[in-house]
Every structure is written in structure tokens, then in C-alpha cells.
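Taking it in order: structure first as C-alpha cells, then the write-up.
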Amino acid sequence: SNYDFWVGLFAPRGTPGAIVQKLYGETARAIESPEVRARFRELGAESMLREPVLFDKDIASEIASNAALVKAAGIPIGGA
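Each number in the numbering used here comes from the position in the sequence shown (counting from 1) with 930 added on.
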């Protein structure tokens, strides 16, 4: 069976764009290296790089989708 999940690299809100781009570039370089690609293949994993702006949109969409599911299921939000 297959199970899709994703992971991402996050930085604090307000991190300068130049730093975000540098982190993205270095992360992409590592993920695209032959060693990492080979290890991913061994694990049956695939990489899917997303530009920071698109990743932000993905996160916002995921939050909205999950919030709708929580509301529809009547799951209480908050502490005790």
C-alpha cells in the first residue's frame, strides 16, 4: 500500500527573503545530489521540491482543508 506524506523546512516568520532563498537553494542542491537521490530510491521515496512561495500556499491550503474537516467532524479546538 502507498501512503503519501510530506515534510518541509520552516523558518521563523519575518526571515529575510534572501535567507529563505539561500536555504531553499542549499536544500535543493542536497536533495538533488546523486547520494540523496539514490537513498530516496532505496526507500521508495520521491522528492518534490517546491519554491518557497508555492510551499507557503500549500501550507495555507492544508490548514484550511484540515480546519474544515475538524469543523465538519465537530472536534473541539482548544485546551481542557
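No residue lacks a Cβ here, since even glycine has one placed at the ideal position from N, Cα and C.
Below 8 Å on the Cβ atoms is my contact criterion, and I expect residue i with residue j to pass it. Report the Cβ-Cβ distance as a whole number of Å.
i: residue 950; j: residue 941; result: 6 Å
i: residue 947; j: residue 985; result: Not quite, the Cβ-Cβ distance comes to about 13 Å (not below 8 Å), so this is no contact.
i: residue 1007; j: residue 1000; result: 7 Å
Taking the alpha helix (DSSP H) that residue i belongs to, which residues open and close that run?
i: residue 991; result: 982-1003
i: residue 957; result: 947-961
i: residue 939; result: Element bounds for residue 939: n/a, residue is neither H nor E.
i: residue 968; result: 964-973
In chain order, what residues of the same chain lie with their CB nearer than 8 Å to the CB of residue i, ignoring the 5 residues before and after it?
i: residue 978; result: 936
i: residue 933; result: none
Here's a check: name, in chain order, each residue in its chain whose Cβ is nearer than 7 Å to the Cβ of residue i, leaving out the five neighbours to either side.
i: residue 960; result: 966
i: residue 976; result: 970
i: residue 980; result: 988
Using a Cβ-Cβ cut-off of 6 Å (strictly less than) and excluding sequence neighbours within five positions of residue i, which residues of its own chain qualify?
i: residue 982; result: 950 and 954
i: residue 996; result: none
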